[in-house]
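**Q** The structure follows.
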Amino acid sequence: MAGIELTPRQIRLADRLLRSGQPVTLAALASALEVSTRTVQRDLPAVERWLAGQGIRLSVRPRVGIVVSAPPGQRERALERLSAQRRRHELSPEERQERLRRELLTTRSAKLAYFARRFGVTEATISNDLDRIAPWFAERGLTLIRKPGYGIELQGPERCFRSAIVDLVREGLTDEQLIEGLRRLAEPAGNAVAEAAFSVLLGFVDRETVVRVEAEVRALNHRLPQPMADGSAAGLVVHLALAIERLRAGEAIHIPAETLESLRQTREWQYAAELAGQVSAALGLR
191 MAGIELTPRQ
201 IRLADRLLRS
211 GQPVTLAALA
221 SALEVSTRTV
231 QRDLPAVERW
241 LAGQGIRLSV
251 RPRVGIVVSA
261 PPGQRERALE
271 RLSAQRRRHE
281 LSPEERQERL
291 RRELLTTRSA
301 KLAYFARRFG
311 VTEATISNDL
321 DRIAPWFAER
331 GLTLIRKPGY
341 GIELQGPERC
351 FRSAIVDLVR
361 EGLTDEQLIE
371 GLRRLAEPAG
381 NAVAEAAFSV
391 LLGFVDRETV
401 VRVEAEVRAL
411 NHRLPQPMAD
421 GSAAGLVVHL
431 ALAIERLRAG
441 EAIHIPAETL
451 ESLRQTREWQ
461 YAAELAGQVS
471 AALGLR
């Protein structure tokens with residue numbers, strides 16, 4: 191496990207845990223890293239596996255927090271290895287702009303100062319990056335708004351956010367790599383290569399959700415008179431997983447009545463209803 195490569199955010203989480211001299215709560219970690227508690231929960235499994243490879247154990251004490259147990263000197267050695275990973279993660283402008291797109295699709299609003307701290311650059315550099323990525327969002331129906339004294343906000347319909355995330359996940363992957371990677375996520379103990387390739391997607395949705403949805407879509411696809419192509423099946427998995435996360439967050443997904451009635455008349459409606467039932471049952475949704 192020592193060879194696991196952490197994302198920059200996971201490196202910050204591991205660093206915070208290693209430097210904590212006492213139990214630390216999810217809320218405290220989220221506040222320190224300026225992310226949601228759900229984001230911390232998503233990143234913890236990878237961090238825990240990496241720390242286990244360093245001989246360090248995490249345990250959770252109810253109503254107390256996360257406790258780090260390490261042999262003498264092991265924290266310091268782990269921190270040195272984190273520093274080496276951090277140096278490997280120094281970003282080019284293109285890489286930083288890709289991460290910025292990802293962060294904006296996740297947070298939807300933030301201050302320039304936050305991104306400057308997050309990427310270790312000046313606010314002027316972030317402002318220039320925003321100029322470069324604004325057209326990418328615009329092409330996908332999303333508007334990047336800058337409000338003096340407030341910060342940056344990404345606005346647009348929910349479906350456009352999901353489509354933009356799908357496009358971001360697809361970048362650099364063929365349809366075959368996309369569907370194969372989704373399947374590999376279900377391998378026992380995970381698959382480091384697949385998790386690295388899908389770090390973008392796993393920044394938005396829970397890994398188990400992706401695994402369950404992919405399994406149900408694959409099972410349904412085998413029963414279809416005309417099975418979906420790999421690219422279409424993979425896109426459906428990602429769209430469904432993202433929609434489920436929004437529902438879990440308490441956000442409703444609205445479909446106009448006319449559109450819904452039109453969809454009911456199609457031959458695909460029966461399969462869609464079947465898939466919805468299977469996914470709901472697999473994930474315990476109501």
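The numbering of the sequence shown is the working numbering, which starts it at 191 and goes up by one.
By construction, the Cβ of each residue, glycine as well, lies at the ideal position given by its N, Cα and C atoms.
As the structure is a computational prediction, the values presented were derived from the model and not from experiment.
(1) Ignore the nearest five residues each way along the sequence and tell me which others in Glu-464's own chain have a CB closer than 8 Å to its CB.
(2) Rounding to the nearest angstrom, what Cα-Cα distance links Ile-323 and Gly-467 in this structure?
(3) Can you find the residues in the same chain that come closer than 7 Å, C-beta to C-beta, to Gly-380, ignoring five residues on each side of it along the sequence?
(4) Out of Glu-451, Thr-297, Leu-320, Ala-303, state which residue places its alpha-carbon closest to the alpha-carbon of Pro-283.
(5) Give the DSSP bridge partners of Ser-259, in chain order.
(6) Skipping 5 residues on each side, what residues in its chain have a beta carbon closer than 6 Å to that of Val-383?
(7) May I have the straight-line CA-CA distance separating Arg-277 from Ala-314, to the nearest angstrom?
(8) Strictly by DSSP, which residues pair up with Leu-344?
(9) Helix, strand or coil for Val-254, going by three-state DSSP, please let me know.
(10) Out of Gly-211, Gln-287, Ala-433, Leu-203, which one is the CA nearest neighbour of Val-356?
(11) Gly-263 to Thr-296, Cα distance in whole Å?
(12) Near Ile-194, which residues of its chain fall below 8 Å by C-beta distance, leaving aside the five closest residues on each side in sequence?
(13) Tell me whether Ser-299 sits in a helix, a strand or coil according to DSSP, three-state version.
(14) Under the three-state reduction of DSSP, which class applies to Val-401: helix, strand or coil?
(15) From Pro-213, Val-257, Glu-293, pick the residue whose C-alpha is nearest to that of Gly-393; which is it?
(16) Enumerate, from N- to C-terminal direction, the unbroken alpha helix (DSSP H) stretches of 4 or more residues contained entirely within the stretch 201–226.
**A** If we stick to the structure as given:
(1) Correct list, in chain order: Leu-410.
(2) Per the coordinates, the alpha-carbon of Ile-323 lies some 38 Å from the alpha-carbon of Gly-467.
(3) The predicted model places Gly-380 with a pLDDT of 49, which falls under 50 and marks its position as unreliable; any figure quoted below should be read in that light. Same-chain partners within the cutoff: there are none.
(4) It is Leu-320 whose Cα lies nearest to the Cα of Pro-283.
(5) Paired residue(s): Arg-247.
(6) For Val-383, the pLDDT reaches just 49, beneath the cut-off of 50, and the residue's location in the model is therefore unreliable, leaving the point undetermined.
(7) About 23 Å.
(8) As DSSP reads the structure, Leu-344 sits in a beta bridge with Leu-334.
(9) Shown here, Val-254 sits in coil according to DSSP, grouped into three states, outside any helix or strand.
(10) Measuring from the Cα of Val-356, the nearest candidate turns out to be Ala-433.
(11) Approximately 37 Å, taken between the alpha carbons.
(12) Closer than 8 Å at the Cβ level, and outside the excluded window around Ile-194, lie Ala-236, Arg-239, Trp-240, Gly-243, Ala-382.
(13) Residue state, collapsed to three classes: strand.
(14) Note: Val-401 maps to helix in three-state DSSP.
(15) Looking at the Cα atoms, Glu-293 is the closest of the given residues.
(16) With a minimum length of 4 residues, the continuous alpha helix (DSSP H) runs that stay inside the stretch 201–226 are 216–223.
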